[in-house]
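Notes for the one structure printed next.
In the UniProt record's numbering, the protein residues as written are 1 to 349.
Below, the structure is given as structure tokens:
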């Protein structure tokens, strides 16, 4: 609070803020890109005059913000505190996150729940998960229970024009004709990358390496996935029927989606599942996990598998590869019937 009784925060360029958010959730960003965007957004800093009509909205990452006294002062000044939550993986699926991160997340989430007036989740699944956590762990500790609502993310994504270098890379990898299946996302243990390798090994044993599409992983290296990387290196798969693209600008990612036969997203657990909605927005069928929020994202437009059973994935993927008519029909139906929810719809919610 200032001596005059008004409350001030800093205001930043919303366009750059959206770029930072998109980079973070893409799974294909880098420290260099983020540092440049952070530097750019700092240059736009202005002092924002906060009035009684304002709302303090925290868009995730509450576990790195501990100035609760400031939030309390804002609430005392009459500002509602609204929190956006992407997922509770650190609580519900602790095996996929470092233990120190789990402990920090749980403590911080419990703290902000005591202050939040409204919680917005990015899927119906996460909203239900939050309500369950409050009922199980926090109900007796909260004077007022916060309202929990869901605002599912948009399914329409911006398509950009690929560059000459993007096309050249696909030619170099031998996938410019589109004879590959794409898997997008950070290559970490939770994304279940080794599952797809096992499926492809089975496909190769049955059909031969020259009769199946290549498998392309696109995303940065993530946490605790040494088994996957050691396995494909030991087997010398990389550069043959398997490719890793660890840094992809939006233009290259767009081209990879456009050229792919279909995509796979076999993660164990998600709060949303952005690569699923990206794939559908490009008119590409996605083979996705039937767990957590992913069926909510894909709806009737995905083919679902059990991420804990490679045979489940093999049955679905093998049919798509062998029965080309089936794949074509599925893609046509997808393009005709999918109802794209524009990004503005999410912001209106």
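Beta carbons: idealized from backbone N, C-alpha and C, even for Gly. All of these numbers come straight from a predicted model, not from anything done at the bench.
* **Sheet register partners of residue 215 (DSSP bridge)** => 181, 242
* **Run of the alpha helix (DSSP H) containing residue 232, from where it starts to where it stops** => Per DSSP, residue 232 belongs to the alpha helix (DSSP H) from 226–234.
* Whole angstroms is fine: what's the gap from residue 241's alpha carbon to residue 196's? => 12 angstroms
* To do: Over the uninterrupted alpha helix (DSSP H) stretch that includes residue 172, give me the two end residues.
  => 164–173
* Pick out whichever of 88, 89, 70, 90 has its Cα sitting closest to the Cα of residue 81. => Taking only the C-alpha atoms, the option nearest residue 81 is 70.
* Residues in its own chain within less than 6 angstroms of residue 179 by CB, not counting five upstream and five downstream? -> By the criterion of a C-beta distance shorter than 6 angstroms, residue 179 is surrounded in its chain by 213, once the five residues flanking it on both sides are discounted.
* Asked: Which word fits residue 224, buried or exposed, when buried means at least 16 other C-beta atoms lie within 10 angstroms of its C-beta?
  -> exposed
* Count the other C-beta atoms from every protein chain shown that fall within 10 angstroms of the C-beta of residue 166, then say buried if there are 16 or more, exposed otherwise. => Classification for residue 166: buried.
* When you compare only the Cα positions, how much space is there between residue 271 and residue 40? -> In a straight line, the C-alpha of residue 271 is about 29 angstroms away from that of residue 40.
* To do: Quickly, what does DSSP pair residue 221 with across the bridge? List them, please.
  => 187
* To do: State the start and end residues of the unbroken beta strand (DSSP E) segment that holds residue 85.
  => Element bounds for residue 85: 81–85.
* To do: List the whole-angstrom C-beta distance separating residue 45 from residue 75, where the pair is believed to meet the contact cut-off of C-beta under 8 angstroms.
  => The distance from the Cβ of residue 45 to that of residue 75 is about 24 angstroms, inconsistent with a contact at the 8 angstroms cut-off.
* Span separating the alpha-carbon of residue 122 from that of residue 152 -> 5 angstroms
* residue 49 in three-state terms, based on DSSP -> strand
* To do: Within its chain, find whatever has a CB closer than 6 angstroms to the CB of residue 327; leave out the 5 residues flanking it on each side and keep chain order.
  => Cβ neighbours of residue 327 beyond the five flanking positions: 320.
* Asked: So, helix, strand or coil for residue 332, using DSSP?
  -> helix
* To do: Mind checking who residue 59 pairs with in its DSSP beta bridge?
  => Answer is 84.
* Asked: Hey, how far is the Cα of residue 309 from the Cα of residue 199?
  -> C-alpha separation (whole angstroms): 10 angstroms.
* To do: With DSSP collapsed to three states, give me the class of residue 288.
  => strand
* The beta strand (DSSP E) with residue 262 in it runs from where to where? -> Note, residue 262: premise wrong, no beta strand (DSSP E); not H, not E.
* Taking the DSSP output, what are the residues bridged to residue 303? -> 287
* Asked: Would DSSP call residue 10 helix, strand or coil?
  -> strand
* For residue 58, collect the residues of the same chain with a Cβ closer than 6 angstroms to its Cβ; drop the 5 residues on either side in sequence, then sort them by chain order. => 83
* Taking C-alpha atoms, which residue in 257, 269, 291 lies nearest to residue 277? -> Nearest C-alpha to residue 277: 257.
* Residue from 175, 172, 192, 330 with nearest C-alpha to residue 285 -> 330
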